[in-house]
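Numbering (the numbering used here), first residue to last: 33 to 465. Below you'll find the structure, written out as structure tokens, and then a few comments.
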Amino acid sequence: MRVVMIGAGYVGLVSGACFAEFGHTVTCIDKDEGKIARLHQGVMPIYEPGLEAIVERNVAEGRLFFATDPAASVAAADAVFIAVGTPTRRGNGHADLTYVYAAAEEVAALMTGFTVLVTKSTVPIGAGDEIEALVRRVRPDGDVSVVSNPEFLREGSAIEDFKHPDRVVVGVSDERARSVMEDLYRPLNLNETRIMFTDRRSSELIKYAANAFLALKITYINEMADLCEKVGADVQHVAMGIGLDHRIGGKFLHAGPGYGGSCFPKDTLALTHTAADAGAPLRLVETTIAVNDARKKAMAGRIAAAMGGDVAGKTIGILGLTFKPNTDDMRDSPSLDIVPALIARGARVQAYDPEGHEARALLRDVDFRDGPYEVMDGADALVILTEWDQFRALDLDRVKGLLNAPLVVDLRNVYNPDHMRLKGFTYASIGRM
Ligand code: NAD
Ligand code: UGA
């Protein structure tokens with residue numbers, strides 16, 4: 033099948049490359065000329081493990097193409113996916129659909145023959161109806177079906193998630209479009225992936241409901257962690273003890289500094305606005321947002337408390353700046369709250385992240401270092417903000433030798449408290465004694 037991806041970002045590029053890997057012919061379109069130029073040179077615009085190899089192979093085998101101009105590929109396409117950003121609208125919490133509508137309008141003008149227009153971007157309930165009305169306005173003669181197919185991949189494991197999803201959700205009412213979607217995802221039948229067909233509005237809501245539930249689950253364990261600290265329990269044992277109940281499940285129960293990233297914060301916010309407008313407020317999700325925001329803000333105080341209450345004039349070494357490991361994405365990372373708050377309290381910050389290069393533009397007055405041990409050199413405390421693999425087995429004797437004082441604040445519970453104390457560290461973590 034001939035597929036076009038509008039938007040070659042974290043979702044569009046990964047989905048496009050994976051569809052090509054399934055055997056489809058895919059063109060990824062992006063209006064960012066620099067991004068497309070880099071892709072033409074074989075340079076990935078994002079850091080995503082395994083992506084480069086898939087892109088390289090499918091380009092070489094003639095199934096994957098990149099362009100800034102959608103005209104030729106859209107005219108020949110069986111399915112056109114919209115995978116552009118849907119950030120928070122400035123001034124209120126709704127999703128900004130400007131990019132989605134602009135892409136839909138552009139595609140509508142270029143389609144020939146029957147075309148399935150698939151919304152992969154996360155869009156609020158009813159956006160599919162708006163897109164359909166817009167397309168009919170631009171092309172009253174067009175033969176198009178507008179479908180919802182939300183994406184559930186996670187950054188850092190995006191390729192595995194796309195190729196082995198728990199499910200694929202497709203919101204479609206038209207039989208011809210359903211058959212195109214079945215053909216597109218047929219390669220997943222080998223893994224017996226469940227492809228769930230539903231109506232478009234339910235499909236749109238499934239995406240938000242899933243993200244909000246996961247955000248709520250994380251926030252629940254984070255609050256449990258706070259309680260553990262007060263009553264002398266261990267949150268990792270509590271998480272395991274409840275997670276072994278299949279009705280609860282053990283995933284997304286890692287306590288930490290609060291969730292971040294390009295989706296949970298914006299999607300929970302957008303969902304609460306949609307719900308409030310519809311007269312069915314989602315108070316649990318509203319509370320999740322408030323609790324998580326407060327948590328991220330409180331983390332600097334927690335670090336200061338571990339350092340005796342005052343960080344003024346002290347040097348803090350920070351490991352990890354991205355919102356999670358194995359991505360270069362800095363959007364809504366907890367580090368963007370924590371690092372400036374430490375600096376505002378008078379601390380000097382030296383930091384390292386393997387891929388969070390964008391932090392240099394986002395964080396002021398930080399001394400960026402080139403490796404994990406460099407951040408510890410002369411620091412009064414070491415703080416782990418993101419659990420990159422390379423921070424999991426540090427040479428603890430070397431760490432102790434480099435730090436001014438053997439103090440480690442581990443906001444991701446990477447290390448074992450007993451072992452750290454045995455090694456002579458003062459060690460603070462989340463929800464553990
Ligand atoms: P992104 O910002 O990485 O990429 C979007 C790309 O679209 C950009 O490169 C931009 O230049 C391009 N673009 C915008 N308008 C365009 C147009 N008219 N024509 C061509 N290109 C255009 O965004 P992302 O993280 O990939 O997210 C895309 C959507 O997918 C969002 O709705 C997001 O909520 C959803 N989503 C993201 C993830 C994730 O892990 N990042 C996972 C699931 C769903
Ligand atoms: C999340 C969802 O997991 C994906 O299913 C969804 O497609 C995506 O959002 C999206 O809609 O964009 P992602 O944001 O890439 O994926 O990463 P997650 O692994 O979900 O982590 C999000 C945040 O939650 C991170 O800050 C992470 O550190 C935090 N987290 C996650 C925890 O604090 N504890 C956990 O147990 C899990």
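In this text, a Cβ means the ideal position worked out from N, Cα and C, and glycines have one as well. Just so it is clear, the structure is predicted and the values come from calculations on it, not from any experiment.
Next on the checklist: Considering only DSSP beta bridges, list what I227 is partnered with.
Outcome noted: V200
Checklist entry - Beta-carbon separation of G352 and L439 under 8 Å? => result no
Checklist entry - In whole angstroms, what is the alpha-carbon distance linking F296 and Y79? => result 20 Å
Next on the checklist: Is any non-hydrogen atom of the ligand UGA found closer than 7 Å to the C-beta of K329, if you look at the structure I gave you?
Outcome noted: no
Item to check | Environment of R380 [buried if 16+ CB atoms lie within 10 Å] | outcome: buried
Checklist entry - Do you know whose CA, among G456, G117 and R444, lies nearest R464's CA? => result R444
Checklist entry - In its own chain, which residues sit with a C-beta less than 6 Å from the C-beta of A127, not counting the 5 before and 5 after it? => result T118, P156 and A302
Item to check | Exposed unless 16 or more other CB atoms sit within 10 angstroms - verdict on K239 | outcome: buried
Item to check | heavy atom of the ligand NAD below 7 Å from Y133 C-beta | outcome: no
Item to check | K249 versus A108: straight-line alpha-carbon distance, rounded | outcome: 44 Å
Item to check | In DSSP terms, what I348 is bridged to | outcome: V381 and A413
Item to check | C60 - DSSP class collapsed to helix/strand/coil | outcome: strand
Checklist entry - Cβ of R464 versus every heavy atom of the ligand GTP: is any distance shorter than 7 Å? => result Absence of the ligand GTP is noted for the structure shown, with the ligand NAD and the ligand UGA being the only ligands found.
Next on the checklist: Output needed for Q422: all residues of its chain with C-beta closer than 7 Å, excluding positions within five of it in sequence on either side, in chain order.
Outcome noted: P386 and P404
Checklist entry - Does the ligand UGA have a heavy atom nearer than 7 Å to the CB of Y79? => result no
Item to check | the segment 207-224 contacting the segment 62-79, beta-carbon criterion three pairs below 8 Å | outcome: no
Next on the checklist: Given this structure, state the Cα-to-Cα distance separating D402 from G145, to the nearest angstrom.
Outcome noted: 54 Å
Next on the checklist: Looking at the strands, I want to know which residues DSSP matches up with V150.
Outcome noted: F113 and V179
Next on the checklist: Measuring CB atoms only, is the segment 38-46 touching the segment 315-328, in the sense that at least three cross pairs come out at less than 8 Å?
Outcome noted: no
Checklist entry - Shortest alpha-carbon distance to A391 belongs to which of D360, L414, R377 and A373? => result D360
Next on the checklist: Let me confirm a value: S367 is counted as buried when at least 16 other C-beta atoms fall within 10 Å, else exposed. Which label applies?
Outcome noted: buried
Item to check | For F400, the residue or residues it bridges with in DSSP | outcome: A383
Item to check | Cα-Cα separation between M256 and N448, rounded to whole angstroms | outcome: 19 Å
Item to check | Contacts around A287, its chain only, beta-carbon distance under 6 Å, and the 5 residues preceding and following it disregarded | outcome: I253, N254, A257, V267, I462 and G463
Checklist entry - DSSP beta-bridge partners for T320? => result Per DSSP, none; premise fails for T320.
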